Amino acid sequence: MPLFITTGCYSATSAKGMIDNPTNREKAARAIMEAAGGKLHSFYLTTGETDWMAITEFDDGADLIPPLLVVAASGAASNIKTVRAYTGAEFKAAQEKAGKIASSYKPPAK
Numbered sequence: 004m005p006l007f008i009t010t011g012c013y014s015a016t017s018a019k020g021m022i023d024n025p026t027n028r029e030k031a032a033r034a035i036m037e038a039a040g041g042k043l044h045s046f047y048l049t050t051g052e053t054d055w056m057a058i059t060e061f062d063d064g065a066d067l068i069p070p071l072l073v074v075a076a077s078g079a080a081s082n083i084k085t086v087r088a089y090t091g092a093e094f095k096a097a098q099e100k101a102g103k104i105a106s107s108y109k110p111p112a113k
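In our numbering, each residue carries its 1-based index in the sequence shown increased by 3.
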């Protein structure tokens, strides 16, 4: 199944809530992803441009949209971004396919 890496930022209200009542945010992330039919592989709190990162597995990228909409609509997080992650084997297969179809592409200029 496809893997996805999602990052986001907590709102100020969320930060205050976590200070007032510390909780394991991985449990919340796991619950919403599983409710949507996915699997949470890992969840990390991060530093830098984002506050958290989740690595999930879903049959289809469209299945990841509902839980992310729920999180965004709650006001708990913003700046939510997702990228599709590929294993080394998946990328190797893409390279092999590229080699097979390369001769069918004509660049606009040479």
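Ideal placement from N, C-alpha and C gives every residue a C-beta, glycine not left out.
Small disclaimer: the values here were computed from a predicted structure and weren't measured.
Three-state secondary structure (DSSP) at residue i?
i      : result
Phe1   : Because residue 1 is not part of the residues shown, which for the chain are 4 to 113, the question remains open.
Lys109 : coil
Thr49  : coil
Thr90  : coil
Ser77  : helix
Met36  : helix
Thr26  : coil
Gly41  : coil
Count the other C-beta atoms from every protein chain shown that fall within 10 angstroms of the C-beta of residue i, then say buried if there are 16 or more, exposed otherwise.
i     : result
Phe7  : buried
Gly2  : Any question about residue 2 goes unanswered here, given that the chain covers just 4 to 113.
Thr50 : exposed
Ala38 : exposed
I'd like the list of long-range same chain contacts for residue i, defined as Cβ closer than 6 angstroms, with 5 residues on each side in sequence excluded.
i     : result
Tyr47 : Met56
Phe61 : Gly41 and Leu67
Thr9  : Ala57 and Thr85
Ala32 : Leu43, Phe46 and Ala57
Once the 5 residues before and after residue i are set aside, which same chain residues still bring their CB inside 8 angstroms of it?
i     : result
Gly64 : Pro5, Phe7, Thr85 and Arg87
Val73 : Ile35
Arg28 : Met21, Phe46, Leu48 and Trp55
Only counting the same chain, and skipping five residues up and downstream in sequence, which positions put a Cβ closer than 7 angstroms to that of residue i?
i     : result
Gly78 : Ser14 and Thr16
If contacts are defined as beta-carbon pairs under 8 angstroms, then residue i and residue j qualify, I think. What distance do you get, rounded to the angstrom?
i     : j     : result
Leu43 : Thr26 : Contact doesn't hold; Cβ gap of about 16 angstroms is too wide.
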